[in-house]
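Okay, so here's the structure we're looking at.
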Amino acid sequence: MLPIHAVLEPLKAVLAAGNTAVLAAPPGAGKTTVVPLALLDQAWLGEGKILVLEPRRIAARAAADRMASTLGETAGGTVGYRTRLQSRIGPKTRIEVITEGVFTRMILDDPGLEGVGAVLFDEFHERSLDADLGLALARETQGVLREDLRLLVMSATLDVAGVSRLLDGAPVIEAEGRAYPVETRYLGRNPAERFEEAMARACLTALGEETGSVLAFLPGQGEIHRVARLVSERLRLPNVDVVPLYGGLDRAEQDRAIEPAAAGRRKLVLATSVAETSLTIDGVRVVLDGGLSRVPRFEPSSGLTRLATVRVSRSS
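Start counting at 1 in the sequence shown, then tack on 1156, and there's your number in the working numbering.
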């Protein structure tokens, strides 16, 4: 049983009594794929749909596939997804997993959100312009046109008290604990050693000392390919597949990274931040974080937004 199951009944009670709530749950608690399915049978929903907002296309598709699999279906049945480039929605779809940008266009085209009973903002702690705008528009719809519309803001790490105040004192439900025990280690780094060399060495050490697959976070596509080359040149384990995972990959390559390793084999998944939230890669026993991330930064002097490589704090 996942940690989120312990708070499903209180969450249902809160949404039955009111129209807005905040859910805080640690990574791996199951909120992304368990909560939408748990709300399908609620009386207030009727025949309405549930929209689940994800920050990234790969997360939207993976969440829909996981929920559909739980029901013994494939995406496009009870659960479907819609992104800027792909859509798998059927006439019987009750849960639509969509990206935040798609939701913004949807609510601008139809402010009343006809046929929608609930909107779930997943991974809200990532805070994007589309997520903030989407929540503001949904609150306006709720206040002016659809008092019956349920809004649920879900997050792994967030100032839940602040969000509750923003939502006029919405009740806060918190799920405690993790599904599995987690041990955290901090490795030193030689300042003279290049970042890719240090990450390749850490990956090889993890593969040699631990069982199962390994997930390593890197700031971008270039670092992923350089580390993959270094690891492949030095790897002495014949049963390990080195696979990349980033937003620019095609669907088949993304699926290869996410799906479980073949029988008798292990994987080293080299990923950007797309794998940080809402994705579950089965079989991963070790997670490595290089401590660098690539984030958009606005430059007032040029009026442009560029990607900057920044350090990630331990608390993150």
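Where is the CB? At the ideal position from N, CA and C, for every residue including glycine.
Residues of its chain near residue i, where Cβ-Cβ distance is below 7 Å and the 5 sequence neighbours each way are ignored
i, result
"residue 1376", "1428 and 1450"
"residue 1416", "1438 and 1439"
"residue 1192", "1206, 1208, 1223, 1251 and 1276"
"residue 1362", "1370, 1442 and 1444"
"residue 1301", "1267 and 1268"
"residue 1271", "1204 and 1205"
"residue 1420", "1395"
Supposed close pair residue i, residue j - CB separation, criterion 8 Å
i, j, result
"residue 1398", "residue 1388", "6 Å"
"residue 1463", "residue 1452", "6 Å"
"residue 1312", "residue 1181", "7 Å"
"residue 1383", "residue 1374", "6 Å"
"residue 1190", "residue 1214", "In fact, because the Cβ distance is near 20 Å, the residues do not count as touching under 8 Å."
"residue 1194", "residue 1164", "5 Å"
"residue 1331", "residue 1343", "About 30 Å; that fails the 8 Å criterion."
Beta strand (DSSP E) segment containing residue i, residue limits
i, result
"residue 1225", "Unbroken run through residue 1225 is the alpha helix (DSSP H), 1213 to 1226; no beta strand (DSSP E)."
"residue 1273", "1272 to 1277"
"residue 1424", "1422 to 1427"
"residue 1466", "1460 to 1467"
Helix, strand or coil at residue i according to DSSP, with G and I counted as helix
i, result
"residue 1205", "strand"
"residue 1189", "helix"
"residue 1251", "strand"
"residue 1308", "strand"
"residue 1160", "helix"
"residue 1232", "coil"
"residue 1380", "helix"
"residue 1166", "helix"
"residue 1288", "helix"
"residue 1445", "strand"
"residue 1238", "strand"
"residue 1435", "coil"
"residue 1261", "helix"
"residue 1455", "strand"
"residue 1282", "helix"
"residue 1302", "coil"
Cut-off 8 Å between Cβ atoms - residues of its own chain near residue i, not counting five sequence neighbours on either side
i, result
"residue 1390", "1356 and 1360"
"residue 1200", "1171, 1172, 1273, 1304 and 1306"
"residue 1254", "1207, 1208, 1209, 1210, 1216, 1237, 1238, 1239 and 1262"
"residue 1354", "1345, 1346 and 1446"
"residue 1291", "1277, 1280, 1307 and 1309"
"residue 1249", "1205, 1232, 1233, 1234, 1235 and 1236"
"residue 1317", "1328"
"residue 1454", "1460 and 1461"
Endpoints, the alpha helix (DSSP H) within which residue i is located
i, result
"residue 1317", "1316 to 1322"
"residue 1178", "Note, residue 1178: premise wrong, no alpha helix (DSSP H); beta strand (DSSP E) at 1176 to 1180."
"residue 1417", "First-last for residue 1417: undefined, no H or E at that position."
Residues near residue i in its chain [Cβ-Cβ closer than 6 Å; skip 5 each side]
i, result
"residue 1293", "1263"
"residue 1401", "1413, 1425, 1427 and 1431"
"residue 1221", "1231"
"residue 1259", "1209 and 1290"
"residue 1186", "1158 and 1160"
"residue 1407", "none"
**Q.** beta strand (DSSP E) runs wholly inside the stretch 1324 to 1403, at least 3 long, in chain order
**A.** 1328 to 1330, 1369 to 1373 and 1396 to 1401
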